[in-house]
Amino acid sequence: MYKESALMTFYAETPVHMGAGQSVSYVDLPIQRERHTAFPVFWSSGIKGVIRDTCYRIWRDRDKVNLIFGPEEDSDFSSCISITDAKILLYPVRSVRGVFAWITCPFVLKRFKEELESAGINEVNKNFEVIDNLHLKDGEAVIPKESISVLEINDKQVAFEEFVFYVKNTSQNISEIVKFIKNLLPDTSLTTDIEKHFAIVSDDTFRDFVNYAVEVRTRVRIDQKTGTVKEGALFTEELIPSESVFYSLLFISDPYFGIDDEFYSCLLEVKEKTQGKLNWEEAKNKIEKKEWLEKVKNKEFYLKKAWEGNYFNSAEVLNNLHEILNGTILQLGGDETTGKGFMRVKIYP
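Position one of the sequence shown corresponds to residue 1 (full-length UniProt numbering), numbered consecutively onward.
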């Protein structure tokens, strides 16, 4: 059972290619997309693998990494964390004024709200009530009052990519939504001004933008012998543009040590009652020696290590991940050596 949960947001510092393999379309190497919406997505397996590798490089402790992320080979215990696919929240598009705008849509915001609630982040309720009353049509957009002077080209009009949108009057102020989202994002010089570059468009319009306003780059492979383009080595690939924002949920259970649940609960109770102030030997003395020998067997090394290393329960595991990931930059996807995939991470709360 998962005892802790958190939100992870990912801010693209550089274009990202989370590839879905080869395709029969005009793009040889497309990005990963949801089947039912065609929205960009980062599959959780790739995210978890990068986080695992990052933690190992910092901790240099394979036992700790295996206990939290699960062993690479078959074992009698599994990972104590679960990471969901990272879904799109804000997508950057060109703007005639203000350089660019982050767009989203009611569908994305409603889904975001529901997922936050599933993670126990309930302060979202009061901020997102306005979404149900927007009723946007294609060609319409809603922007916060802070964006009016930055994005509007004429009275009540904004222009994203090659399209003009009428700014819809609404009695609902979406500034509170923008402030709430801003609090969840990694701190950068651009996200501090998110309210000046924010717009909500219709669901269909958003779908079209995330499908057709992606970066498509043509690449070649050079023949090392001739210095010319290798025959048949011309290909195209899709990339998620810089400044895109994705989110994922993180769920954490107590680590699995491969010991009896009831006995592990006794150890947890000792740790919680003493607020982690007892060392391992003092904790052992709280439990009957005969029971200890029967239950622990060959697991004491791992139990002691987790106890003293402060990753013995779900809350401590979350604290460890918070220290490693919050504000750090991960490199996700392909094209690592050409600078793609750098994403800044924030964990909330």
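Positions of the beta carbon are idealized from the N, C-alpha and C atoms, including for glycine. Computed from a prediction, not measured in an experiment: that's the story for all the values here.
DSSP lists A159 as the beta-bridge partner residues of V164.
Using a Cβ distance threshold of 9 angstroms, E243 and D28 do not count as a contacting pair.
In the three-state reduction of the DSSP assignment, R35 falls in the coil class, being assigned neither a helical nor a strand state. DSSP places A213 in the coil class of the three-state scheme, outside both helix and strand. Looking at R217, D53, R60 and V16, the one whose alpha-carbon comes closest to that of P40 is V16. Within the DSSP secondary-structure output, W102 pairs in a beta bridge with P92 and F198. Here V317 carries a helix assignment [DSSP, helix/strand/coil]. Per the C-alpha coordinates, the member of V124, G98, E316 and L325 positioned closest to E195 is G98. When the Cα atoms are used, M1 and K299 turn out to be separated by approximately 22 angstroms. In this structure, the CA atom of R219 is about 6 angstroms from the CA atom of L234. Under the three-state reduction of DSSP output, K137 falls in the coil class, being neither helix nor strand. In this chain, the alpha helix (DSSP H) harbouring F180 covers S175 to L184. Classified as exposed, W43 has fewer than 16 neighbouring CB atoms from the shown chains inside 10 Å of its CB. Per DSSP, R97 is not a residue of any beta strand (DSSP E), being assigned neither H nor E. For A283, the three-state secondary structure derived from DSSP is helix. Exclusion of the five residues before and after E161 leaves V93, R94, F209 and A213 as the residues of its chain whose Cβ lies within less than 8 angstroms of its Cβ.
The C-beta separation of R344 from I324 comes to about 14 angstroms, leaving the pair out of contact by the 8 angstroms criterion.
In the DSSP secondary-structure assignment, V345 is bridged to F10. The shortest C-alpha to C-alpha distance from V317 to any of N285, P255 and F301 is the one to P255. 9 angstroms or more divides the Cβ of G333 from the Cβ of M8. Taken through DSSP and simplified to helix, strand or coil, K340 comes out as coil. For V245, the enclosing beta strand (DSSP E) stretches over residues V245 to I252.
Residue state for E123 is assigned as coil, using DSSP reduced to three classes. For L239, the uninterrupted beta strand (DSSP E) segment begins and ends at F235 to L239. The C-alpha of S248 lies about 46 angstroms from the C-alpha of T226. Residue pairing by DSSP puts Q331 in a beta bridge opposite F342. Inter-segment contact for the segment 172-191 and the segment 141-159 is present: three or more beta-carbon pairs are separated by less than 8 angstroms. Exposure of Q275 is indicated by the presence of fewer than 16 other C-beta atoms within 10 angstroms of its C-beta. For K346 against L239, the beta-carbon gap comes to about 22 angstroms, at or over 8 angstroms, which does not count as contact.
Burial is judged here by how many other beta carbons sit within 10 angstroms of a residue's own beta carbon; Y91 has at least 16 and is buried. In this structure, C266 sits away from I200, with a CB-CB distance that is not shorter than 9 angstroms. The beta carbon of H322 is closer than 6 angstroms to those of I347 in its chain, skipping five residues each way along the sequence. Residue environment analysis places F251 among the buried positions, since at least 16 neighbouring C-beta atoms fall within 10 angstroms of its C-beta. In the three-state reduction of the DSSP assignment, A20 falls in the coil class, being assigned neither a helical nor a strand state.
Taking the CA atoms as reference points, R207 sits about 38 angstroms from E72.
When rounded, the separation of the alpha-carbon atoms in T188 and F198 is 16 angstroms.
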